[in-house]
Structure formats: C-alpha cells, structure tokens
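All residue numbers for the sequence shown refer to the numbering used here, where the first residue is -11 and numbers rise by one.
Below: the structure, in structure tokens.
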Amino acid sequence: MIRARNRRVSKPTGSKSSSARASQIERHCKYTLITGGAGFIGSNVADRLMREGRDVIVYDNLSRRGVSANIEWLASNHGSHLQVETGDIRDVTRMHSLARHAREVFHFAAQVAVTTSFEDPREDFEINVGGTLNLLEALRSQSPPPPLVFTSTNKVYGSLRDLRVRPNGTRYQPASWPLRFGIDEARQLEFHSPYACSKGAADQYVLDYARSMGLPAVVFRMSCIYGPRQLGTEDQGWVAHFLNRAIHGQPLTIYGDGKQVRDVLFVTDLVDALLLAQEHMSELTGEAFNIGGGANNTLSLLELLSMIRELQGTLPPINMGEWRAGDQKYYVSNIKKFRALTRWLPRVNVRDGVGQLYQWLCDRGGRRDAPRVTESSDSFGTCDHPL
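So this is what it looks like as structure tokens:
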C-alpha cells in the first residue's frame, strides 16, 4: 500500500463504529494487527480471525481499487471486533503505537507491482524495505515481541532461466523430472527487478531479525494466490484479471506464448497456512517457506483460457504481446517443507477454485446467471505422481 492518510475510516453504513472501539481495544485487549488488511489477502485473513471471535486492527492506506468495499464487508459482518486505522507503513510513530498491544502480526502491506517498481524504484524500496524495517523495529521494542508472518514472493528466485523446460501441449514442463515437484527453498536467491530486490531485502531482514534478535518470525515466499475479494490487474492477480475482463467482454493480452505455468493457491488454503504458521511459530521461527498450490495445482495461461471458454461458451478477443523481462516460463512451489512441519495441504483444486472466483466476480458485477464449472475429465494442473 502506498499513500499515507493518517485518519480513521468513516463508519461504513450499517456497521458498528470501529473508532468507538479503538481506545477500548488498545487499552484492554490484545489484538491481531494486519498491515494491508483491507486488501485481497488481508481481508480474507481478517474475516477468518473475526469469525473465530478475535479482535483485529486493520492498518491500510486504502489506496487500491476495491479495498473500501472490503472494509464495508468486514465491518458489516464483524463490526464489534474490527478497528480500521488508515495510514502508511513508513510512519514510524504509528507502527510503534500499533505494535504496543499486538498479540500477533500479519504483514501484507506492500508495493506489489513489478512494473511500478521500474517506474519508481525509490518509492518501491521505501515501502517494501523501509516500511518492513519500521515494523520490525516496532515489534522488537515490545517485550515479548509479537510473532510476525511476512509474505514475500517467488520473484526472489529470479527468472529461472537456467531451468531447462520444454513445451508439452498447452504448457511448459521441466526437462528434469524432480523439478516437476517444484522449486524448493534451497534455490539460490536472484533478484531481477526493483520489486524483487525490495521484497527480497525485506525477506532477508525478517529472517535476520528472527536469527539475530530473537523476533519470532516466518517468511512465506508465495506463488500465485487467487479467490474471492481479488479484483486483479495486468501486473498482479492474473487469474482474477483474466476472468474479470472475460466476464465484461474486454480483450485479453497474453505476453509470450501463453504456455507459462504457475502453481495457484486458493485464498482459503493460504489463510489456513498463515494461521498454522502463527500456531507453530515456536518450531518455524527464522524459516522461509515456499507457499503455493504445489505440483497438484498448476495452470498455464492457455489452460485458463480453455476454462474461461468452458464457463462462458466463448472468449473475448486475444492479443499476443512480447515476453516480459524476467518472466518465468515455469514456476511451481515445492511445498514439502511447510507440509512436513504443519501437515498443511491445499484443499481447493484449480477447477473448483477458478469456478468459485468466477462466480464471485459475476455476482459482484451483477451477473447472477453465470454458468458454473462442472465436473470434467480434463485434468488442468495435476501431476501424475501426487506429492
């Protein structure tokens, strides 16, 4: 999240006043602090926690499209447990104030677009590195410091150009059989954009604060996350972006040949993993984990187009563009490390997840007659030997 607006959010219609509870939460209760909590992932985490009866402070600058609707949704369902603070993670004073009574922290606030990082690398650095350092220092000042889960990115592994891949129908697959199970955490870090540099630096700061300063903290190096409350853009949230444009009949642009493969993880499965990380913090602190759908939940751009055609019966116009700098032809997370320590596994398969997101986007846009994804023998995103 980018611009600072140091004010409280006005009360959403039909909800309890979050500001009325502010001093009560801060003085008498421990709460979960979620930076970037009005965004796609943050709002889903906040919803789960408040359904479990926990108090949550969402800290967000509300600069992204759709986040005000997320706040209204949270407030209408959980007003008595929700406090919203509007501000910037570069505000040192606010970070220290919010850390004071935090039980646990999820850090999602960030500049999230690779293209934006090229346009303004200094601001990208100040938000992703400076903002994270502000939070780490605020947490370190507490005794004991509250545990932190930080979301990094698979972009810290670079373009993976040394991986030999070959086309296989609608997708690329690794020439080496072991790599079909994904990239693991032993992979050397390699930053190929200002965004990768800033997120990678923040990633390393979090791990070092855990190792050197005793701050309980875990890093998730995440692949592609999708699901309800994601609107998506061309630069971030590609599954939702493609679905949303298709629903409205708008042209789609594919950069490269469309055979690029990613593992995709449904947001409810990610929320499960995030909460497990906090639950198992004593065993996991100081570790980084590759988190995604894994080898059993993968998708290429061409395969997503096939699913859209199945859902709608037609496709919007498709434009082809040049490969983007640093794009990975194949990235799949090897999730064995986190699974071994927590027994976590994704539960929502690609077909069901895409169908749920498609229906949510249709409902949000007022189109309630959308066809549903049905059972099919097509096996998008499966591997022959499950993990």
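Glycine residues also receive a C-beta, built at the ideal position from the N, C-alpha and C atoms.
Inset, instruction - At 3 residues or longer, and completely inside the region 305 to 344: list those beta strand (DSSP E) runs for me, N to C. - result: 306 to 309
Inset, instruction - Measure the alpha-carbon distance for Ala10 versus Gln71 and round it to whole angstroms. - result: Residue 10 sits at position 22 when you count from the first residue of the sequence shown. Residue 71 sits at position 83 when you count from the first residue of the sequence shown. Unreliable placement is indicated for Ala10, whose pLDDT of 42 sits below 50; the coordinate value is still reported in the next sentence. About 6 angstroms.
Inset, instruction - Report the rounded CA-to-CA distance for Leu170 versus Ile323, giving the unit in angstroms. - result: What you label residue 170 is simply residue 182 of the sequence shown in a count that begins at 1. What you label residue 323 is simply residue 335 of the sequence shown in a count that begins at 1. Before going further, note that residue 170 is Gly rather than Leu in the sequence given. Going by the C-alpha atoms only, they are around 8 angstroms apart.
Legend entry - Arg15 versus Ile22: straight-line alpha-carbon distance, rounded: To locate residue 15, count along the sequence shown from 1; it is residue 27. To locate residue 22, count along the sequence shown from 1; it is residue 34. Note that Arg15 scores 44 on pLDDT, short of 50, meaning its location in the model is unreliable; the coordinates nonetheless yield the value given after this. Computed Cα separation, rounded: 18 angstroms.
Inset, instruction - Reducing DSSP to helix, strand and coil, say where Asn49 ends up. - result: Against the sequence shown, residue 49 aligns to sequence position 61. Note: Asn49 maps to coil in three-state DSSP.
Legend entry - Distance between Met308 and Val153 (C-alpha atoms, nearest Å): Position 165 of the sequence shown, counting from 1, holds the residue named residue 153. Position 320 of the sequence shown, counting from 1, holds the residue named residue 308. Using only the alpha carbons, I get a separation of about 21 angstroms.
Legend entry - Pro133 and Glu92 closer than 8 angstroms at C-beta: By one-based count along the sequence shown, residue 133 stands at place 145. By one-based count along the sequence shown, residue 92 stands at place 104. Their beta carbons are not under 8 angstroms apart, which means Pro133 does not touch Glu92 by this criterion.
Legend entry - Alpha-carbon to alpha-carbon, Val117 and Val194: Indexing the sequence shown from 1 puts residue 194 at position 206. Indexing the sequence shown from 1 puts residue 117 at position 129. Answer to the nearest angstrom: the Cα atoms are 10 angstroms apart.
Legend entry - Assigned secondary structure, Ile235 (DSSP; H/G/I helix, E/B strand, else coil): Position 247 of the sequence shown, counted from the start, is the residue given in the question as residue 235. Residue state, collapsed to three classes: helix.
Legend entry - Candidates Gln266, Gly246, His268, Trp165, of which the one nearest Leu292 by Cα: Walking along the sequence shown from the start, residue 292 turns up at place 304. Checking every option, the nearest Cα to that of Leu292 belongs to Gly246.
Legend entry - Nearest neighbour of Ile213, chosen from Thr81, Arg110, Phe96 [CA to CA]: Numbered from its first residue, the sequence shown carries residue 213 at position 225. The shortest C-alpha separation from Ile213 is found at Phe96.
Inset, instruction - Give a yes or no on whether the C-beta atoms belonging to Ser211 and Asn142 are separated by under 8 angstroms. - result: For this step, residue 211 is matched to residue 223 along the sequence shown. For this step, residue 142 is matched to residue 154 along the sequence shown. The answer is yes: Cβ separation under 8 angstroms.
Inset, instruction - Mind reading off the beta-carbon distance from Gly280 to Leu240? Whole number of angstroms is fine, and I expect it under 8 angstroms. - result: Here residue 280 is taken as the residue at index 292 of the sequence shown, counted from 1. Here residue 240 is taken as the residue at index 252 of the sequence shown, counted from 1. With a Cβ gap of about 23 angstroms, Gly280 and Leu240 do not count as contacting.
Inset, instruction - Could you tell me the distance, in whole angstroms, from the CA atom of Arg128 to the CA atom of Val137? - result: Your numbering for residue 128 matches position 140 in the sequence shown. Your numbering for residue 137 matches position 149 in the sequence shown. Near 14 angstroms, if we compare the C-alpha coordinates of Val137 and Arg128.
Inset, instruction - Determine the DSSP secondary structure at Glu173, reduced to helix, strand or coil. - result: Position 185 of the sequence shown, counting from 1, holds the residue named residue 173. Of the three classes helix, strand and coil, the one that applies to Glu173 here is coil, per DSSP.
Legend entry - Simplified DSSP state of Pro109, which is helix, strand or coil: In the sequence shown, the residue the question calls residue 109 occupies position 121. Three-state result, Pro109: helix.
Legend entry - Whole-number beta carbon distance between Ala234 and Ile296, since they are thought to touch under 8 angstroms: In the sequence shown, residue 296 corresponds to position 308, counting from 1. In the sequence shown, residue 234 corresponds to position 246, counting from 1. Confirmed, about 5 angstroms.
Legend entry - Three-state secondary structure assigned by DSSP to Phe96: By 1-based counting over the sequence shown, the position of residue 96 is 108. The answer is coil: DSSP assigns Phe96 none of H, G, I, E or B.
Inset, instruction - Pair every Cβ in the region 172 to 184 with every Cβ in the region 320 to 338, then say whether three or more of these pairs are closer than 8 angstroms. - result: yes
Inset, instruction - Could you say if the region 264 to 277 and the region 333 to 350 meet the contact criterion of at least three C-beta pairs nearer than 8 angstroms? - result: In short, these stretches do not touch, since the Cβ pair count stays below three.
Legend entry - Any 3 or more C-beta pairs closer than 8 angstroms across the region 31 to 45 and the region 109 to 116: Contact between the region 31 to 45 and the region 109 to 116 is absent, with fewer than three C-beta pairs closer than 8 angstroms.
Legend entry - Neighbourhood of Asn396 by C-beta, 8 angstroms cutoff - its chain only, sequence neighbours within 5 removed: Because the chain here runs from -11 to 375, residue 396 falls outside it and cannot be looked at.
Inset, instruction - May I ask which residues mark the beginning and end of the alpha helix (DSSP H) holding Ser64? - result: As a working note, residue 64 is residue 76 in the sequence shown. Taken as a continuous stretch (DSSP letters only), the alpha helix (DSSP H) holding Ser64 covers 55 to 66.
Legend entry - Opening and closing residue of the beta strand (DSSP E) in which Phe179 lies: For this step, residue 179 is matched to residue 191 along the sequence shown. From DSSP, Phe179 is part of no beta strand (DSSP E); its letter is neither H nor E.
Inset, instruction - Could you tell me the boundaries of the alpha helix (DSSP H) in which Phe161 lies? - result: Looking up residue 161 in the sequence shown gives position 173. First, the residue type needs correcting, since residue 161 is Gln and not Phe in the sequence shown. That residue, Gln161, is in no alpha helix (DSSP H); its beta strand (DSSP E) goes 159 to 162.
Legend entry - Cα-Cα separation, Ala198 to Pro204: In the sequence shown, residue 198 corresponds to position 210, counting from 1. In the sequence shown, residue 204 corresponds to position 216, counting from 1. Rounded to whole angstroms, Ala198 to Pro204 spans 6 angstroms at the Cα level.
Legend entry - Whole-angstrom distance between Leu219 and Ala74, CA atom to CA atom: Counted from its first residue, the sequence shown places residue 74 at position 86. Counted from its first residue, the sequence shown places residue 219 at position 231. First, the residue type needs correcting, since residue 74 is Thr and not Ala in the sequence shown. Using only the alpha carbons, I get a separation of about 21 angstroms.
Legend entry - Buried or exposed (CB count within 10 angstroms, at least 16 for buried), Gly301: Within the sequence shown, numbered from 1, the residue matching residue 301 stands at position 313. Its Cβ having fewer than 16 others within 10 Å, Gly301 is exposed.
Inset, instruction - Return yes when at least one heavy atom of the ligand GTP lies under 7 angstroms from the C-beta of Phe179, else no. - result: Looking for the ligand GTP in the displayed structure turns up nothing, as the structure carries no ligands at all.
Inset, instruction - Using only alpha-carbon positions, find the residue among Asn58, Leu264, Gly282 that is nearest to Ile29. - result: Taking the sequence shown and counting its residues from 1, one reaches residue 29 at position 41. For Ile29, the nearest C-alpha among the options comes from Asn58.
Inset, instruction - Taking only the alpha-carbon atoms, compute the straight-line gap between Gly354 and Gly343 and give it to the nearest angstrom. - result: Position 366 of the sequence shown, counted from the start, is the residue given in the question as residue 354. Position 355 of the sequence shown, counted from the start, is the residue given in the question as residue 343. Here the model assigns Gly354 a pLDDT of 47, short of 50, so the residue's position is not dependable and the matter cannot be decided.
Inset, instruction - Could you tell me the distance, in whole angstroms, from the CA atom of Asn65 to the CA atom of Ala98? - result: Here residue 65 refers to the residue found at position 77 when the sequence shown is read from its first residue. Here residue 98 refers to the residue found at position 110 when the sequence shown is read from its first residue. Going by the C-alpha atoms only, they are around 26 angstroms apart.
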